[in-house]
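Be aware that the sequence shown starts at 1060, since it is given in our numbering, and climbs by one per residue. Built from N, CA and C at the ideal position, the CB exists for glycine as well. Keep in mind it's a predicted model, so treat the numbers as computed, not measured. Taking it in order: structure first as structure tokens, then the write-up.
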Amino acid sequence: SQSMWGFAVLETIHLIGLVLGSIFVINLRMLGFGVKQPVSRLTKEVARWGWAGFLLMLSSGIPMFMSSAVTYSGSQPFLIKMILLVCAMVLQMAIYKVFRMHAGTLPGRLIACFSLLCWFVVAYAGRALAFAVFFASGA
């Protein structure tokens, strides 16, 4: 059906937004991996990609939510995803604004690890949300 294909297209755009984002590049650099350049310079270089990824995820996530807003808003995976999404975004902004000067230090590594953990759980909760909705529909 058209709605099934439309939702699949939205999910694909949502995941492309995640890939385009600079989240993993910056966090891995904070941990000491990747390109050997200062995090402050790297954040400036990838900022456009980060915003493009964020806008893609937002513009695809809202229609996906609206397709079953009542079901999603009452599900535990959605609640977990939204809480950790806020935490992940706050941590990411802190990395961009404050902790980038601490790349490679223990505080910088801890905040990067916690940020990556939040983002992975956000992605996992998003996948769990699809299954929760599927089983809630009685399929």
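How would you label residue i, buried or exposed, when you count the other beta carbons within 10 angstroms and need 16 or more for buried?
| i | result |
| --- | --- |
| V1068 | exposed |
| S1132 | exposed |
| T1102 | buried |
| S1201 | A query on residue 1201 cannot be resolved here, the shown segment of the chain reaching from 1060 to 1198 and no further. |
| I1170 | buried |
| L1188 | buried |
| F1092 | exposed |
| M1125 | exposed |
| G1226 | Nothing about residue 1226 can be read from this structure; the chain reaches only from 1060 to 1198. |
| L1117 | exposed |
| V1145 | exposed |
| L1114 | exposed |
| V1129 | exposed |
Considering only residues of the same chain and omitting the five flanking positions on each side of residue i, which have a CB-CB separation below 7 Å?
| i | result |
| --- | --- |
| S1174 | N1086, A1147, L1150, Q1151, I1154 |
| V1094 | R1088, L1101 |
CB-CB under 6 Å to residue i, same chain, minus the five flanking residues each way: which ones, in chain order?
| i | result |
| --- | --- |
| S1119 | L1069, I1072, H1073 |
| P1136 | A1184, A1187, L1188, A1191 |
| V1084 | V1105 |
If I'm right that residue i touches residue j with Cβ under 8 Å, what's the distance once you round it to whole angstroms?
| i | j | result |
| --- | --- | --- |
| I1075 | W1178 | No, I1075 and W1178 are not in contact; Cβ-Cβ is about 16 Å, not under 8 Å. |
| G1112 | K1140 | Rounded, the Cβ-Cβ distance is 17 Å, inconsistent with contact. |
| A1182 | L1077 | 7 Å |
| V1180 | L1138 | Rounded, the Cβ-Cβ distance is 12 Å, inconsistent with contact. |
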